[in-house]
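Participant:
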Amino acid sequence: MNSAAVLHGIRWNLITNVIRRILSFVLLLFLASWLSQSDFGTFRTYSLILAIVSIFAVIGLDSNYITDPRRRQLNLFSFAQIGLGLGLLFSIAIALASSWLGSLYRNPELGIILRFTSLFIFVEVLRILLHNIAQMQMQFKLLALAETWNVVFYTIFGLAIISQFRYVWLYVLLFFLGNLVEALYLLIHLRLPPSLHLGRLMSLKWLQLSYANMKRNAGFLLNVSIIRLVNSYAGNAPILLLGTITNPALMGQYFFATQLIGVPVNMFTMSVGQVFYPVFALSDSSRTLQSIRSYTRLTLSIGIPLLILYAFALDKLIPVVFRGKWDDALPLLYSLIPYFGSSMLNDPISGIPFICRKPHWELIWNIISLGLRVLSLLIGIKISFVMAVLIFSIASAVMNLSFYFMSLFLLKARLMIAALNLIGWLGIIAALILGLKLISHSAYSMLFAVLLFCGYLLAVFLLNKAVSKDFVRILR
223 MNSAAVLHGI RWNLITNVIR RILSFVLLLF LASWLSQSDF GTFRTYSLIL AIVSIFAVIG
283 LDSNYITDPR RRQLNLFSFA QIGLGLGLLF SIAIALASSW LGSLYRNPEL GIILRFTSLF
343 IFVEVLRILL HNIAQMQMQF KLLALAETWN VVFYTIFGLA IISQFRYVWL YVLLFFLGNL
403 VEALYLLIHL RLPPSLHLGR LMSLKWLQLS YANMKRNAGF LLNVSIIRLV NSYAGNAPIL
463 LLGTITNPAL MGQYFFATQL IGVPVNMFTM SVGQVFYPVF ALSDSSRTLQ SIRSYTRLTL
523 SIGIPLLILY AFALDKLIPV VFRGKWDDAL PLLYSLIPYF GSSMLNDPIS GIPFICRKPH
583 WELIWNIISL GLRVLSLLIG IKISFVMAVL IFSIASAVMN LSFYFMSLFL LKARLMIAAL
643 NLIGWLGIIA ALILGLKLIS HSAYSMLFAV LLFCGYLLAV FLLNKAVSKD FVRILR
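Sequential numbering from 223 applies to the sequence shown in this note's numbering.
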């Protein structure tokens with residue numbers, strides 16, 4: 223049943239994710255023409271602030287609901303009651319602190335936007351709550367459709383409105399209204415447990431029960447919250463740290479580059495990750511390892527090479543499309559490949575320590591990762607912004623691979639075999655990169671690149687039967 227759920231969920235998420243990413247990519251191209259680099263930096267800083275505050279509002283209650291089968295309904299109710307309440311309180315707190323945050327990031331417009339849209343924190347908590355319910359009910363098709371309606375909403379209205387009124391606050395408003403559309407769609411179509419009615423959610427008596435349940439799981443919740451906070455800051459340190467010492471335009475270049483290079487990555491990691499997490503929580507270690515091995519083969523053989531080809535194509539197309547406006551962001555594309563490539567292995571299985579009820583392992587990993595990434599940025603920024611991003615990306619890749627092997631160790635996998643497999647595939651990927659470099663200055667470089675990639679895929683499918691079988695199973 224779990225294998226069928228995994229394949230069905232991945233298929234639906236892949237199909238709808240392709241649609242969502244195409245729509246988002248089209249909108250991004252238009253926005254890159256309409257808005258300034260500073261506007262892009264403002265949006266990214268705003269979204270990260272709300273994401274970090276949402277971590278404090280959720281305080282790990284979502285992971286406790288998914289990974290603890292003993293009191294699952296009580297955990298869900300505690301999440302709904304306490305999480306939504308904290309979401310409302312933090313919305314008010316951010317509105318009050320908006321001017322200070324604008325000053326911290328040298329961006330007064332950011333402070334104004336935060337003041338009038340802080341209620342989106344409550345919306346984000348509601349969306350996460352409904353996501354978790356859909357995941358645990360194995361409603362992957364419904365979840366995929368909800369996310370698709372989100373993207374369709376803000377893409378259509380973005381193209382219609384921002385083309386006429388080119389303000390970053392409209393981009394912010396439409397993006398997070400899309401999250402509200404997604405939440406409402408799930409709210410209408412999900413089978414919500416009877417306990418989640420308004421009267422009980424507002425009850426002080428039930429609040430005491432929720433609080434007692436939260437105290438019972440305080441250690442786990444604290445570990446999860448700290449892990450997410452540290453991980454979120456570490457992964458977005460180029461914005462959250464360098465944003466306080468550089469200008470919004472550089473943040474906009476970084477955001478533009480990460481959005482472009484992240485399109486194929488997110489297709490893989492988001493589609494697979496939100497399916498893997500609840501299914502792994504219900505599966506034994508052997509089935510979990512089998513799924514991870516299949517995903518690893520597909521990622522190393524197809525996913526990462528596709529990412530490299532994609533970066534190569536962007537380097538050729540962006541100067542033509544934007545006539546030099548975003549040329550300063552092009553070196554960042556190649557600098558980010560180690561980060562995003564390793565994320566394809568790491569992100570979909572990031573819930574393994576939680577599932578194994580060993581969140582402190584991930585906490586230690588996150589603290590080391592944060593220190594290494596911050597140090598890499600501080601060293602690199604003394605040379606240039608691009609060098610800071612490159613060193614950050616390499617440090618992130620090292621930590622992502624260490625997390626991957628830590629997860630396999632928790633599942634009692636044979637690490638030596640996994641390491642040798644990884645080294646073999648990285649050698650093949652390095653050869654592909656060398657081939658692309660040799661043809662990069664040719665007049666027909668894109669044509670040669672596509673032919674080289676097609677030849678590579680043909681060789682992989684013919685010589686590695688395991689990859690062929692994995693690929694066919696996904697398409698069935």
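Heads up, the beta-carbon is just placed ideally off N, CA and C, and yes, glycines get one too.
None of these values were measured; they are calculated from a predicted model.
#1: Within its chain, find whatever has a CB closer than 6 Å to the CB of MET223; leave out the 5 residues flanking it on each side and keep chain order.
#2: Please report how far the alpha carbon of ALA688 lies from the alpha carbon of ILE461, in whole angstroms.
#3: DSSP three-state call for PHE387: helix, strand or coil?
#4: Classify MET223 as helix, strand or coil using the three-state DSSP reduction.
#5: Touch check for the segment 293-307 and the segment 422-433: three-plus C-beta pairs under 8 Å?
#6: How many angstroms separate the CA atom of THR370 from the CA atom of THR491?
#7: Give the single residue among ALA273, PHE299, GLU404, ALA254 whose Cα lies nearest to the Cα of TYR433.
#8: Give the single residue among GLY677, PRO581, ASN453 whose Cα lies nearest to the Cα of ASN445.
#9: Report the rounded CA-to-CA distance for ALA681 versus PHE614, giving the unit in angstroms.
#10: Taking ASN435 as part of the alpha helix (DSSP H), name the residues at either end of that continuous run.
#11: If GLY380 and LEU396 are in contact, beta carbons under 8 Å, what's the gap, nearest whole angstrom?
#12: How far does the alpha helix (DSSP H) with HIS582 in it extend, from its first residue to its last?
#13: Leaving out the 5 sequence neighbours to the left and right, which residues in its chain are closer than 6 Å to TYR626 when beta-carbon positions are compared?
#14: Straight-line CA distance for SER664 to VAL672?
#15: Mapping the DSSP letters down to three states, classify ASP550 as helix, strand or coil.
#16: Is the segment 557-567 close to the segment 609-624, with three or more CB pairs under 8 Å?
#17: Give the straight-line distance between the Cα atoms of LEU464 and PHE693, rounded to the nearest whole angstrom.
#18: What three-state label does DSSP hand MET360 in the structure shown?
#19: Does the pairing of the segment 520-539 with the segment 553-561 give three or more beta-carbon distances under 8 Å?
#20: Hey, how far is the Cα of ALA533 from the Cα of ILE655?
#21: Among the candidates GLY474, ARG545, LEU392, LEU245, whose CA atom is the shortest distance from the CA of ARG266?
#22: At the level of alpha carbons, what is the spacing between LEU642 and LEU585?
#23: For VAL345 versus ASN401, is the C-beta distance shorter than 7 Å?
#24: Taking the C-alpha atoms as reference points, what is the distance between VAL458 and THR466?
#25: From VAL543 to ALA319, what does the alpha carbon distance come to, in whole angstroms?
#26: With DSSP as the reference, label THR264 as helix, strand or coil.
#27: Could you tell me the boundaries of the alpha helix (DSSP H) in which GLY563 lies?
Facilitator: Taking the coordinates as given:
#1: Note that MET223 has pLDDT 45, beneath the 50 cutoff, so the model's placement of it is unreliable and the number below is only indicative. Nothing listed; no residue qualifies.
#2: Answer to the nearest angstrom: the Cα atoms are 40 Å apart.
#3: In this structure, PHE387 counts as coil in the three-state DSSP scheme.
#4: Note that MET223 scores 45 on pLDDT, short of 50, meaning its location in the model is unreliable; the coordinates nonetheless yield the value given after this. Here MET223 sits in coil by DSSP.
#5: Because the criterion of three Cβ pairs below 8 Å is met, the segment 293-307 and the segment 422-433 touch.
#6: Near 16 Å, if we compare the C-alpha coordinates of THR491 and THR370.
#7: Answer by Cα proximity: PHE299.
#8: Nearest C-alpha to ASN445: PRO581.
#9: In a straight line, the C-alpha of ALA681 is about 33 Å away from that of PHE614.
#10: Under the DSSP assignment, ASN435 falls in the alpha helix (DSSP H) whose first and last residues are 426-438.
#11: Contact between GLY380 and LEU396 is confirmed by a C-beta separation of about 5 Å, below the 8 Å threshold.
#12: 581-602 is the span of the alpha helix (DSSP H), which, as asked, contains HIS582.
#13: Excluding five sequence positions before and after TYR626, the CB atoms of its chain that fall closer than 6 Å to its own CB belong to LEU567, ASN568, given in chain order.
#14: If you take the alpha carbons of SER664 and VAL672, they lie about 13 Å apart.
#15: Note: ASP550 maps to helix in three-state DSSP.
#16: Short answer: they touch.
#17: Their backbone Cα atoms lie some 41 Å apart in a straight line.
#18: Three-state result, MET360: coil.
#19: Touching, yes, given that three or more Cβ pairs across the two stretches are closer than 8 Å.
#20: Our two residues, ALA533 and ILE655, have alpha carbons roughly 11 Å apart in a direct line.
#21: Comparing alpha-carbon positions, the option among GLY474, ARG545, LEU392, LEU245 lying closest to ARG266 turns out to be GLY474.
#22: Spanning the alpha carbons of LEU642 and LEU585 requires a straight line of approximately 27 Å.
#23: Yes, they are a contact pair.
#24: First, the amino acid is wrong: residue 458 is Asn here, not Val. If you take the alpha carbons of ASN458 and THR466, they lie about 13 Å apart.
#25: Each residue's alpha carbon lies about 39 Å from the other.
#26: THR264 falls in the helix class under three-state DSSP.
#27: That run of the alpha helix (DSSP H) goes 559-568.
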